[in-house]
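Working notes for the structure below.
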Amino acid sequence: MKTIGLIGGMSWESTTLYYEIINKVVSEKLGGLHSAKILLYSVDFAEIEELQRKGQWNKSADILAEIAMNLEVAGADFILICTNTMHKVAGKVQGKINIPILHIAEATVAKLKENKISKVLLLGTKYTMTEDFYKGKLKAKGIDVVVPNEEDIEIVNEIIFSELCLGKINEKSKEKYIKIINSYKDRGIEGVILGCTEIGLLINQNDLEIPVFDTTIIHCEQAANYATMK
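Using full-length UniProt numbering, read the sequence shown as starting at 1 and increasing by one per residue.
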């Protein structure tokens, strides 16, 4: 079994899901007392979020690259960055190590293709929704990506940072998310991507009629499959 290197803490709320889901999938695949081989480096998210806010992406890339190098030295066979937003710097981090990074957007594209989805609504942080580092991966594979309007982007982003990253689950916020998603049905969307690893704490497939693609689950399943692949 390969050893998984996790760069987590962004936020720790969703990183706990990574640990749980990866181990569950490995256990289901291999049976018995099997669990995943995991090396976890968890950052102080306040430092990373401040760099995001200030647009200091190169500095945040340096921090994550150093962590990835340490995980490689420690014995990781591949890396997961346990957040969608910080995949903005995934290329720079990959350039510093000799083991692969499993890209969360590429894993999501594979799942969309598997389900024959060609047009989706993307929810996430404002960086993920407005910039091209994530959407570009989808568009390059022929996926039509719809993002919320400016007002809805602010609502989605605010709930992520002021509530979900702090472990606060608010029923009114859930209703706002569902309302936003449903309001874009007339745009012909065939599914919705939960493009922030915390959104799955708030909503899931049971809350919506259209297919839900939770990137946390997708990323974890890919990692577990890759780790156990012979």
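Even for Gly, the Cβ is constructed at its ideal location relative to N, Cα and C.
Please read these numbers as outputs of a predicted model, since none were measured by experiment.
Inset, instruction - For I7, name the three-state secondary structure that DSSP assigns. - result: As a working mapping, residue 7 is identified with position 7 in the sequence shown. Residue state, collapsed to three classes: strand.
Legend entry - S129, buried or exposed, once every other Cβ within 10 Å from all chains shown has been counted against 16: Indexing the sequence shown from 1 puts residue 129 at position 129. Checking the sequence shown, residue 129 turns out to be Met, not Ser. Per the 10 Å Cβ criterion, buried.
Legend entry - For D144, the residue or residues it bridges with in DSSP: Position 144 of the sequence shown holds residue 144. D144 is bridged to K119.
Inset, instruction - Please work out which residues of its chain come closer than 8 Å, Cβ to Cβ, to E106, disregarding the five sequence neighbours upstream and downstream, and give them in chain order. - result: The residue labelled residue 106 in the question sits at position 106 within the sequence shown. Same-chain partners within the cutoff: K137.
Legend entry - Alpha carbon of N157 to alpha carbon of I181, nearest angstrom: Position 157 of the sequence shown, counted from the start, is the residue given in the question as residue 157. Position 181 of the sequence shown, counted from the start, is the residue given in the question as residue 181. About 14 Å.
Inset, instruction - Would you check if there are 3 or more beta carbon pairs closer than 8 Å linking the region 110-117 to the region 145-154? - result: no
Legend entry - A68 beta carbon less than 8 Å from that of I22: Taking the first residue of the sequence shown as position 1, residue 22 is located at position 22. Taking the first residue of the sequence shown as position 1, residue 68 is located at position 68. It is not a contact, given that the beta carbons lie outside the stated cut-off.
Legend entry - S162 - DSSP class collapsed to helix/strand/coil: For the purposes of this step, residue 162 is taken as residue 162 along the sequence shown, with counting starting at 1. If DSSP states are grouped into helix, strand and coil, S162 belongs with the helices.
Legend entry - C-beta contact flag for T16 and T197 at 8 Å: Within the sequence shown, the letter at position 16 stands for residue 16. Within the sequence shown, the letter at position 197 stands for residue 197. For T16 and T197, no; Cβs fall outside 8 Å.
Inset, instruction - Would you kindly report the start and end of the unbroken alpha helix (DSSP H) that includes S35? - result: Along the sequence shown, read from residue 1 onward, the residue named residue 35 stands at position 35. Here S35 belongs to no alpha helix (DSSP H), and DSSP marks it neither H nor E.
Legend entry - Selected residue, minimal CA-CA separation from Q52, among F161, G91, L33: Within the sequence shown, numbered from 1, the residue matching residue 52 stands at position 52. Of the listed residues, the one whose Cα sits closest to Q52 is F161.
Inset, instruction - Over the uninterrupted beta strand (DSSP E) stretch that includes G191, give me the two end residues. - result: Looking up residue 191 in the sequence shown gives position 191. First-last of the beta strand (DSSP E) with G191: 191-194.
Legend entry - Reference I38, options W12, K59, A76, I203, closest by Cα: On the sequence shown, residue 38 is found 38 positions in, with the first residue counted as 1. Minimum Cα distance to I38 is reached at A76.
Legend entry - Neighbourhood of V25 by C-beta, 7 Å cutoff - its chain only, sequence neighbours within 5 removed: Position 25 of the sequence shown holds residue 25. Excluding residues within five positions, the ones whose Cβ falls inside 7 Å are C220, E221, A224.
Inset, instruction - Give the single residue among H87, I99, S35, G91 whose Cα lies nearest to the Cα of F78. - result: As a first step, residue 78 is located in the sequence shown; it is residue number 78 there, counting from the start. Among H87, I99, S35, G91, the Cα nearest to that of F78 is on I99.
Inset, instruction - Report the rounded CA-to-CA distance for S42 versus G124, giving the unit in angstroms. - result: On the sequence shown, residue 42 is found 42 positions in, with the first residue counted as 1. On the sequence shown, residue 124 is found 124 positions in, with the first residue counted as 1. If you take the alpha carbons of S42 and G124, they lie about 21 Å apart.
Inset, instruction - Give the straight-line distance between the Cα atoms of V93 and A65, rounded to the nearest whole angstrom. - result: Along the sequence shown, read from residue 1 onward, the residue named residue 93 stands at position 93. Along the sequence shown, read from residue 1 onward, the residue named residue 65 stands at position 65. Using only the alpha carbons, I get a separation of about 5 Å.
Legend entry - Beta-carbon proximity list for K176, same chain, < 8 Å, skipping 5 on both sides: On the sequence shown, position 176 is the one that residue 176 refers to. Excluding sequence neighbours, K176 sits near I155, I159.
Inset, instruction - Just list the beta strand (DSSP E) runs in the region 43-96, keeping only unbroken ones of 3 residues or longer that don't cross its boundaries, in chain order. - result: 78-81
Inset, instruction - Go ahead and label V73 buried or exposed: buried means 16 or more other beta carbons lie within 10 angstroms of its beta carbon, across all protein chains shown. - result: Stepping through the sequence shown from its first residue, residue 73 is reached at position 73. Burial call: exposed.
Legend entry - Backbone secondary structure at I99 - three-state DSSP: Residue numbering aside, residue 99 sits at position 99 when the sequence shown is read from its first letter. Coil.
Inset, instruction - Could you work out which residue in S14, L30, G32, S35 is closest to residue 234 when comparing CA atoms only? - result: Any question about residue 234 goes unanswered here, given that the chain covers just 1 to 230.
Legend entry - Buried or exposed by the 16-neighbour rule on C-beta atoms within 10 Å, applied to G195: Sequence index remark: in the sequence shown, residue 195 carries index 195 (1-based). Buried, since its Cβ has 16 or more Cβ neighbours within 10 Å.
Inset, instruction - Return the residue from the list G142, K179, E171 that minimises the CA-CA distance to I153. - result: The residue you call residue 153 lines up with position 153 of the sequence shown. With distances taken between Cα atoms, I153 lies closest to K179.
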